[in-house]
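Numbering (the working numbering), first residue to last: 492 to 642. Some notes on the structure that comes next.
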C-alpha cells in the first residue's frame with residue numbers, strides 16, 4: 492500500500508527519486524512502473540507495472556463506441572509510459588507528461604493505495620485548499636460505500 496505525501500525535487504533531467512520505503516513494492520514489478528495522466532485532475536498517476544497491466548486490460552475491454560469510454564482509453568492508455576527505475580531508484584518523467592501536469596522542479600508524491608499521484612506543489616496546494624473548503628458535497632454525490640464507512 493502506498494500512502495502518505497512525499498516532497499521530492501526533480502533533477503535537471505526531470506528525474507525523481509522514489510523514496511526508499513516504496514522501492515520494495517516496486518521490485519515486485521521488476522522495478523518497472525507506468526506513468527500516465529489523470530483524466531480528471533492536473534496530475535500524473537504512477538502504477539507498478541503489474542497493477543497497471545490489470546487496469547489496462549479493464550480499460551481496453553471498455554466499448555470503443557462509447558464516447559466517455561473512448562476518452563478514458565485515449566487519455567490513460569495513450570499517455571501511458573513504461574519507465575524503469577535506475578540503480579539509484581530514480582525514474583525519468585517524460586517532458587510531455589511533466590508539461591501536462593505543470594511540473595517543474597518540485598513535486599509531491601501522494602500515495603493512493605495501489606498507485607501514486609504526482610503533483611506540482613502549486614497545483615496540489617490550490618486543489619487541496621478547494622477540496623477542504625468545498626461545501627458542495629451532499630449525500631447524493633457520495634457513493635453508498637462511503638456513506639456507510641465509519642472513520
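Positions of the beta carbon are idealized from the N, C-alpha and C atoms, including for glycine.
Straight-line spacing of the CA atoms in residue 569 and residue 524 works out to 15 Å.
In the DSSP secondary-structure assignment, residue 493 is bridged to 604.
Under the three-state reduction of DSSP output, residue 577 falls in the coil class, being neither helix nor strand. A Cβ-Cβ contact shorter than 7 Å links residue 507 with residue 499.
Along the region 518-593, the alpha helix (DSSP H) occurs as fully enclosed runs of 4 or more residues at 540-551, 558-563, 586-591, listed in sequence order.
For residue 618, the three-state secondary structure derived from DSSP is helix. Assigned with DSSP and collapsed to three states, residue 635 falls in helix. Residue pairing by DSSP puts residue 611 in a beta bridge opposite 598.
The criterion of a C-beta distance shorter than 7 Å is satisfied by residue 584 and residue 505. Across the structure, residue 617 and residue 534 are spaced so that their CA atoms are roughly 13 Å apart. Under DSSP, residue 508 takes part in a beta bridge, and its partners are 581. By the CB criterion at 7 Å, residue 536 and residue 529 fall inside the cutoff.
A direct Cα-Cα distance of roughly 42 Å separates residue 578 from residue 558. If the five residues before and after residue 554 are omitted, its C-beta is found closer than 7 Å to the C-beta atoms of 560, all from its own chain and listed in chain order.
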